[in-house]
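Asker:
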Amino acid sequence: MQLVVLGLNHRSAAVEVRERFSFEKDEVVAALNRLYEYDFISECVILSTCNRTEIYAVLEDVDCPKTYMLRLLQDLKGAEKIDEKAFFFYEERDCIEHLFRVSASLDSLVLGEGQILSQLKGAYIQAYSAGCTGTIFNILFQRAIGVGKKVRTNTGIANTPVSVSYTAVNLAEDSLDKPLSDATVLILGAGTMSELTATHLQAKGVKTIFVSNRTFAKAEALAKRFNGKAVKLDHFVEQAKNADILITSTGAPHYIITPKEAKKIVQLREGEPIVMIDIAVPRDIDPAVADIDGIYLFNIDSLESVVEENKAQREEEARRAEPIIHEAIEDLLDKLSYLSVRPMMALLTEKAERIRSRELHRALAKLPDISDKERRIMDSMSRMITRKILREPMIHFNEIAGTEEEGLYWELFKDMFNLEKEG
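Residue numbers are given in the UniProt record's numbering: position 323 of the sequence shown equals residue 323, and the series is strictly consecutive.
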């Protein structure tokens, strides 16, 4: 068994690379099912967010696992070629540590942001519902979710409500020549990121929010929550005439704003500058828009400069999170080691029980006159003898679990007790 993760994130790859390998929500289940069809994959989970795509898998001992996983991802996304340097790959303990750090938001673009934990939980539930998780990943991901919650509870890493959406709002505020509370904001998209963005805008005192979305009913519902107004998506260019800030997070597979739309917006605004912040992956705004006078364009990669604001404080809290993570790793490794020797224990216990039951039956057949109470005493005594005989081997199994000697002991054990032959 090999526990692995292949992925890319804001550190390893630029946004244009990340967007090529991101999965839409409705693509994930199909991708999971395709992965699960391979004989050498026994469990799998896909985590795909605006800043990362990660495929976790339990492999059945394959050579060159990274190469296998890269080829699988290439096949899933229909990519002609793949740049290995853009991806990270971790195995066993390193894989567990990476997942725990992700859940604790220590690996996020914005250290301590709160979205990743719910995204991780959603990815696990999606894989579980698709039948793509088993004993290992059910334990691993439930532990990871628990670690994320514990880090947030026991440290101050999440005390300041910072996320990608919050950072986008800060960036917009810093880019304006007037108070944010006096600004008019147009949001394209009505999903979770847009909702969070609107929440942070309202908290900053913004009173005028417009929401545009492909599904107008969703735009209306989100706008209503924040006392805003809904705009049909094919009218957003005209509405941008009155917007100081335009924030996009639609999840569309293509550009929503090309230079053509951007020039029309500039023309309508008669020279008044507009701040555009693209927090979508794939990107909603063509990068060429940045070259147009009157437009200040930022995308997810631009947010890194803003993240510095609370970096020192959050890094201190992150250091407090490290012992929590390492303790959780050791506990999980102990649990997984126990699972690896559990089949040995089960075989020995089953054989011992068969022998006990058979010999007790023979003995009782020779004692037809004993009472029911005496029969119960003999049954209890035989069980206790069996349990005490097995106790030392069980302790020894737990001690060798996960060590290099485990395989050798297992082979000797099978031969010594003739387990497979009598199983």
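Note that CB positions come from ideal geometry on N, CA and C, so glycine has one too.
Taking all protein chains shown into account, decide if Q267 is buried (16 or more other Cβ within 10 angstroms of its Cβ) or exposed.
Answerer: With fewer than 16 Cβ atoms within 10 Å of its Cβ, Q267 is classed as exposed.
Asker: On the CB-based measure, 16 or more other CB atoms within 10 Å of its CB, does M416 come out buried or exposed?
Answerer: Answer is exposed; the Cβ neighbour count stays below 16.
Asker: Which residues in the same chain as A335 place their Cβ atom closer than 7 angstroms to its Cβ, once the five residues preceding and following it in sequence are excluded?
Answerer: Reading the sequence as shown, one finds Lys at residue 335 and not Ala. If we look at K335 and ignore the five residues flanking it on each side, its Cβ neighbours are I139.
Asker: In chain order, what residues of the same chain lie with their CB nearer than 7 angstroms to the CB of A290, ignoring the 5 residues before and after it?
Answerer: So the qualifying residues of the chain are L297.
Asker: So which of T53, S48, R93, D39 has the shortest CA-CA distance to Y68?
Answerer: Nearest of T53, S48, R93, D39 to Y68, Cα basis: D39.
Asker: Give a yes or no on contact between the segment 57-67 and the segment 105-123, applying the rule of three or more CB pairs nearer than 8 angstroms.
Answerer: No, because fewer than three Cβ pairs between the segment 57-67 and the segment 105-123 fall closer than 8 angstroms, the two stretches do not touch.
Asker: From the DSSP output, in three-state form, read off V102 for me.
Answerer: Note: V102 maps to helix in three-state DSSP.
Asker: May I have the straight-line CA-CA distance separating G423 from I355, to the nearest angstrom?
Answerer: No answer about G423 holds up, because its pLDDT of 40 lies below 50 and its placement is not dependable.
Asker: For L412, which of I325, C44, M344 has the nearest alpha-carbon?
Answerer: Of the candidates I325, C44, M344, the one whose C-alpha sits nearest the C-alpha of L412 is M344.
Asker: Which runs of the beta strand (DSSP E) at least 3 residues long sit entirely within the UniProt domain "Glutamyl-tRNA reductase N-terminal" (6-155)? Give them in chain order.
Answerer: Listed in chain order, the complete beta strand (DSSP E) runs (minimum 3 residues) inside the UniProt domain "Glutamyl-tRNA reductase N-terminal" (6-155) are 41-48, 52-59, 88-91.
Asker: Since S103 contacts V147 with CB under 8 angstroms, what's their CB separation in whole angstroms?
Answerer: Confirmed, about 5 angstroms.
Asker: Taking the alpha carbon of D83 as the point to measure from, which residue in Q239, L70, I245, T248 has its own alpha carbon closest?
Answerer: Out of Q239, L70, I245, T248, L70 has the C-alpha closest to the C-alpha of D83.
Asker: In this structure, how does DSSP classify N418 when only helix, strand and coil are distinguished?
Answerer: Correct three-state label for N418: coil.
Asker: Beta strand (DSSP E) containing D278: first to last residue?
Answerer: First-last of the beta strand (DSSP E) with D278: 274-278.
Asker: Going by DSSP, what residue range makes up the beta strand (DSSP E) through L246?
Answerer: Here the beta strand (DSSP E) through L246 covers 245-248.
Asker: Pull up the distance between the alpha-carbon of A198 and that of G228, whole angstroms please.
Answerer: Going by the C-alpha atoms only, they are around 10 angstroms apart.
Asker: Touching or not, the segment 175-182 and the segment 230-241, by the rule of three or more beta carbon pairs under 8 angstroms?
Answerer: Cβ pair count under 8 angstroms is below three, so no.
Asker: Hey, out of I136, A223, K204, G205, whose CA is closest to N213's CA?
Answerer: N213 has its Cα closest to that of A223, out of I136, A223, K204, G205.
Asker: Let me check understanding here. Comparing Cα to Cα, which of E270, E317, A221, E315 lies closest to D293?
Answerer: Taking only the C-alpha atoms, the option nearest D293 is E270.
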